[in-house]
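Novice: Numbering follows the working numbering, with no gaps: position 189 of the sequence shown is 635.
Idealized CB from N, CA, C, for every residue including glycine.
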Amino acid sequence: MASTVTTSCLNGIGLITLNRPEAMNTLTGEMLTDLGAAYLQCDRDDAVKVIVLTGSGKAFCAGADLSAGGNTFDSSERNDVNSCPLAIQAWELRKPIIAACNGHAVGVGLSIAAQCDIRVVANDSKYGFLQNRRGVVTDFGMTALLPKLVGMEAAFELLVRAPKLTGEELKTIGLASRSVSQGRVLEEAMSIAKDMIDNCSPLVMGMHKRLLWDNSDKSLADAISHESDGLNYSMRKPDALEGGVAFFEKRTAVWQATINNDWPEFWG
């Protein structure tokens, strides 16, 4: 049986692909396990500098797998669940992760994409947090994350009215940075990843990611203190010298620091 999630690495890009094209990559328990394992694999592999998450076929992820029909909604023997069931959440990864939403992403599919750091979507595909129209609360931390990404009013409408939106509309409200034709989504995401790999220190990319996610919940004073710790740590690493010398010599920098060997111990 083919894996529900595939992982590969090429030129520093870790490509994670949701792999149930015959079912529009609808999410199963096995996929949740496989996706969490893929995240951990990429985080622990320093050959991977930036992660791109996409779907096989014509969809990114068309929500939860409802193939069980009416039994899908039978809660009589259902155990309590964690709304963030992955082994590691996308925001906990120490590497940038770009969601290449190559087609429809609805319900939990859009929640998975919203956890990522950058989103590229398809102009005419359908996107939406449709859980309210299915009688269940949202997942993957969206009640906490969406207000920070798009503001309280837009988040309220996205979750409570639960509309379907096009990729262009998703970009307009700020939940995607780019909306392109469906055939160009993965190409655009890979181009962004390549630019980051070619020009940015992998360690400092990871440190900036951690600072941005951590500091969203801190006071300004605590955020500045946290940022100062990161700045002083980075200034003592070889990449700080290499970045300046490479700029002066008009050449591509050769970064030495890696996430797994040089991550600041005081950040855990």
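1. Among Lys655, Leu666, Asn706, which residue has its Cα nearest to the Cα of Trp537?
2. Using the Cα positions of Ser557 and Met588, report the straight-line distance between them to the nearest angstrom.
3. Straight-line CA distance for Glu468 to Ala590?
4. With a 10 Å radius around its C-beta and 16 neighbouring C-beta atoms as the bar for buried, classify Phe715 as buried or exposed.
5. Using a Cβ-Cβ cutoff of less than 7 Å, which residues in the same chain neighbour Glu679 once the five nearest sequence positions on both sides are dropped?
6. Between Leu539 and chain C, is any beta-carbon pair separated by less than 8 Å?
7. Taking Asp491 and Ser449 to be in contact with their CB atoms under 8 Å, please state how far apart those CB atoms are, rounded to whole angstroms.
8. In terms of residue numbering, what span does the alpha helix (DSSP H) encompassing Ala536 cover?
9. If you compare alpha carbons, which of Asn569, Arg580, Val552, Leu499 is closest to Ile544?
10. Let me know if Ala484 comes out buried or exposed under the rule of 16 or more other beta-carbons within 10 Å of its beta-carbon.
11. Residue ranges of each alpha helix (DSSP H) run of no fewer than 4 residues wholly in the stretch 527-604, ordered along the chain?
12. Use the C-beta contact count for Lys696: other C-beta atoms within 10 angstroms, 16 or more gives buried, fewer gives exposed.
13. Using the beta-carbon count (16 or more within 10 Å), is Lys541 buried or exposed?
14. Whose C-alpha, out of Leu592, Glu673, Trp701, is nearest the C-alpha of Ala559?
15. Keeping to the same chain, check which residues put their C-beta closer than 8 Å to that of Ser529; ignore five residues upstream and five downstream.
16. Would Leu478 pass as a contact of Gly501 if the rule is Cβ separation under 8 Å?
Specialist: The relevant details are as follows:
1. Lys655
2. 7 Å
3. 32 Å
4. With the chain represented from 447 up to 714, any question about residue 715 goes unanswered, as that position is not in the structure.
5. Looking at the sequence itself, residue 679 is Tyr, so the reference to Glu does not match. Excluding sequence neighbours, Tyr679 sits near Pro710.
6. Considering every chain present, this structure includes no chain C. It has just one protein chain.
7. No, Asp491 and Ser449 are not in contact; Cβ-Cβ is about 17 Å, not under 8 Å.
8. Per DSSP, Ala536 belongs to no alpha helix (DSSP H) and is neither H nor E.
9. Leu499
10. buried
11. 554-560, 588-596, 598-602
12. exposed
13. buried
14. Leu592
15. Val583, Thr584, Asp585, Phe586, Gly587
16. no
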